[in-house]
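Residue numbers (the working numbering): 147 to 404.
Worksheet: the structure to be examined is printed underneath.
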Amino acid sequence: MGSYNSHYENYYSILKEKKRSVRHPAYNPHKTKSRERSIKEILVKRVIQELSGVLCLFLIVIFCRYINNPKVQEFYSYSRLLVNKNYDINTAFEKVKNIKLESLRNKAEEYIESIKNKLTGEQGVKEKTLDYYSPPVSGAVFKSFGSIKEGIPESMNKGAIVEAKAPFEVKCCFQGEVKEIGEDKEKGQYIIINHGEGIETKYFMLEEIRISENAKVNKGDTIGKVTSAVNGEKGYIYFELSYMGEEKNPEEYINFNF
């Protein structure tokens, strides 16, 4: 027992010696000073950059002021108008606050897509789908993308509900491959078709499925059916269209007007 205690005491004393000899890097005064020096250098560089920018703008304004060129004078007058105009900060803040980021992103994507199409001469995604894709049902849109109707689950806000005289067949919008078949608790039986180029169409609330998984399908093929009528006449399907994994407004990509 005595040998065990002495062995333990020796081991503990070695650990204490190691603790004394090791110093945490955070307490190194040289590193702290070098860090402070680097922060100061960054701040100085930033101030110099800002001052250089202001100086360049000042020189441009002076340059424009003393050159008698109609275009330059027009630019100078417009710049003065912007500088002298009184802006209501609160109004500007409210406008910025009410901007929807999703809407801005969609507009930016459309703008980039349009530039790419002009450079390559190819059709954009919307142009292709509007030209070549057909609606899944010969009916009218009962609930549009993003709209809310009483009694309809929130999970159905990312697509469109289409109504038609029942019974009716559900058609494939464009050629592709059946990616998935299943059943959702809220949206019923469904089919997902991959059309390539990042485009997928999704058909929900089906009562009959007439296609199998991984099957190749063509535009206009019957993939499902709705037999039950609501209010004695109409039946409904819920339809989604996604591009690059993001749900889009189907009415912007497919012409539902007959």
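Each residue gets a CB set at the ideal place from its N, CA and C atoms; glycine is no exception.
Does residue i pass the burial test, meaning 16 or more other C-beta atoms within 10 Å, or should it be called exposed?
i, result
"P313", "exposed"
"I206", "exposed"
"R169", "Reliability fails at R169, whose pLDDT of 47 lies under 50, so the model's placement of it is uncertain and the value that follows must be treated cautiously. Classification of R169: exposed, given that the 10 Å Cβ count is below 16."
"F204", "exposed"
"G322", "buried"
"C202", "exposed"
"G199", "exposed"
"Y173", "At Y173, the pLDDT of 46 sits below 50, so the modelled position is not reliable; the number obtained from the coordinates is stated separately. Result: exposed."
"K348", "buried"
"E300", "exposed"
"G305", "buried"
"E296", "exposed"
"L387", "buried"
Once the 5 residues before and after residue i are set aside, which same chain residues still bring their CB inside 6 Å of it?
i, result
"E326", "I338"
"I307", "F288, K289, Y382 and Y384"
"E359", "V324 and I327"
"N395", "F291"
Quick check on the DSSP output: the beta strand (DSSP E) that includes residue i runs from which residue to which?
i, result
"T347", "I345 to L352"
"V287", "A286 to K289"
"T373", "No beta strand (DSSP E) holds T373; DSSP gives it neither H nor E."
"E393", "E392 to K394"
"E315", "F314 to K317"
"F385", "K380 to Y389"
"N401", "N401 -> no beta strand (DSSP E), and no H or E assigned at all."
"I298", "Looking at the DSSP string, I298 is not in any beta strand (DSSP E), and its letter there is neither H nor E."
"V142", "Because the chain in this structure spans residues 147 to 404, residue 142 falls outside the shown range and cannot be described."
"K311", "A306 to K311"
"N303", "No beta strand (DSSP E) contains N303, which DSSP labels as neither H nor E."
"N360", "From DSSP, N360 is part of no beta strand (DSSP E); its letter is neither H nor E."
"G334", "G334 to G342"
Looking only at its own chain, which residues have a Cβ that is under 7 Å from the Cβ of residue i, when we skip the five neighbours before and after it?
i, result
"F320", "Y278, Y279, H341 and K365"
"K311", "E379 and K380"
"G328", "Y336"
"E398", "K272"
"S374", "A312, E353 and G381"
Enumerate in chain order the residues of its own chain whose CB-to-CB distance from residue i is below 8 Å, with the five nearest sequence positions on each side excluded.
i, result
"N303", "F291, G292, S293 and I294"
"G391", "G344"
"L276", "Y399, I400 and N401"
"L367", "Correcting the residue identity first, residue 367 is Asp in this sequence and not Leu. Within the same chain, D367 has close Cβ partners K317, C318 and I357."
With residue i and residue j assumed to form a contact (beta carbons below 8 Å), what rounded beta-carbon distance in angstroms separates them?
i, j, result
"L324", "V372", "Note on identity: in this sequence residue 324 is Val, with Leu being the wrong assignment. That belief does not hold up - the Cβ atoms of V324 and V372 are roughly 18 Å apart, past 8 Å."
Could you give the residue range of the alpha helix (DSSP H) that holds residue i?
i, result
"Y424", "The structure shown does not extend to residue 424, since the chain spans only 147 to 404, so no value can be given for it."
Worksheet item: So, do the stretch 290-297 and the stretch 317-337 have three or more beta carbon pairs nearer to each other than 8 Å?
Response: no
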